[in-house]
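Below: one structure, written as structure tokens.
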Amino acid sequence: MGENRLKPRLGAVEIDFFYLWRYATRTALGVWSMSSTVAKGAMALLVCLTVSAASAQTAAVSDEELADQTLQAPLFSAPPIVRPAQAKLPKLRWDHINGSRAWTRAAMRALGAHGAPLVDMVPGDIAQWCPAYPEAEQWARKAFWAGLLSTLAKHESTYRPGVVGGGGKWVGLVQILPATARGYGCSARTREALKDGGANMSCAVRIMATTVPRDGVVSAGMKGVAADWGPFHSRAKREDMRRWLAARPFCKAPVDLASVAPMPRPGATTPVAN
């Protein structure tokens with residue numbers, strides 16, 4: 001097999017460093033007998049050539065490695081991982097309670113799933129509860145129903161997810177009877193399951209998504225939500241819930257600027273009607 005010796009190029013000249021090494025060695029030995037000074041010079045030349053060869057070889061290898069890396073580099077890099085944006089949660093009445101954000105999230109999620117009939121309809125008495133509701137977008141409508149549950153939980157359980165009332169009958173944030181949960185097809189059907197705040201909210205949404213579209217109202221005539229929850233039968237509690245909801249940003253009706261009389265300028269004379 002032939003020898004594979006490194007022959008880097010300097011411009012258009014191809015250099016064989018093995019040949020230079022052999023030539024320099026012979027030259028140094030030939031002049032050794034002439035003079036020690038000449039011999040030393042020849043040896044110095046030999047060392048310089050050796051160092052030059054090693055440097056050239058290192059540079060050549062680096063270039064080859066660089067070329068290999070360039071060829072192996074991917075043409076396209078993987079796109080960055082995009083994290084799903086967190087859905088905005090409304091500020092509800094229970095926000096001061098530890099863990100309540102999970103209840104809000106569960107209610108909003110349920111309203112976007114099996115609670116869709118609630119969000120899609122406009123109850124006949126909604127103007128009393130949420131004036132902006134008829135023209136509101138989907139998020140604001142969900143916020144209203146989640147808000148209704150949060151203010152109902154104030155009167156049903158004082159925001160205690162594990163509370164059991166009625167002699168062990170009603171359970172959780174909005175006091176749901178396990179038999180009622182099973183009748184409406186809720187996932188949480190036992191007393192222990194209904195003590196989970198998120199599961200309790202999901203079940204409450206499922207119940208309201210049946211009764212409110214059926215009756216066409218939030219609570220008028222003690223129908224709709226009022227058909228299953230006692231606090232609506234108390235005028236004081238009902239008014240407390242209604243006032244709190246009507247004051248929420250997602251329920252405030254926009255001001256009709258066309259119906260608002262302009263403020264008179266200072267010094268202007270108010271016209272007198274004939």
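Residues 1 to 274 in the numbering used here are what the sequence shown lists, from first letter to last.
Just so it is clear, CB atoms sit at the ideal spot from N, CA and C, and this is done for glycine as well.
- For Q138, the uninterrupted alpha helix (DSSP H) run begins and ends at 138–156, by DSSP.
- Here the C-alpha atom of V205 lies approximately 7 Å from the C-alpha atom of A110.
- Taking T210 as the centre and dropping the five residues before and after it, the same chain places the C-beta of Y184 closer than 7 Å to its C-beta, in chain order.
- Assignment of beta strand (DSSP E) within the region 95–126, counting only whole runs of 3 or more residues, yields no such run.
- The DSSP-derived three-state label of G166 is coil.
- For V218, no pairing in a beta bridge is given by DSSP.
- As the crow flies, the alpha-carbon of C186 is around 14 Å from that of A107.
- With a threshold of 16 other beta carbon atoms within 10 Å, V171 meets it and is buried.
- Of the candidates I126, G99, S202, G112, the residue whose Cα lies closest to the Cα of V218 is I126.
- In the three-state reduction of the DSSP assignment, V171 falls in the strand class, which pools E and B.
- W139 and K88 have their C-alpha atoms some 9 Å from each other.
- In the DSSP assignment, R182 falls within the unbroken alpha helix (DSSP H) covering 178–183.
- For E192, the enclosing alpha helix (DSSP H) covers residues 191–194.
- Three or more Cβ pairs closer than 8 Å define a contact, and the region 151–159 meets that threshold against the region 234–245.
- For W244, the enclosing alpha helix (DSSP H) begins and ends at 235–246.
- Of the candidates C130, A179, K142, C130 places its Cα closest to the Cα of R248.
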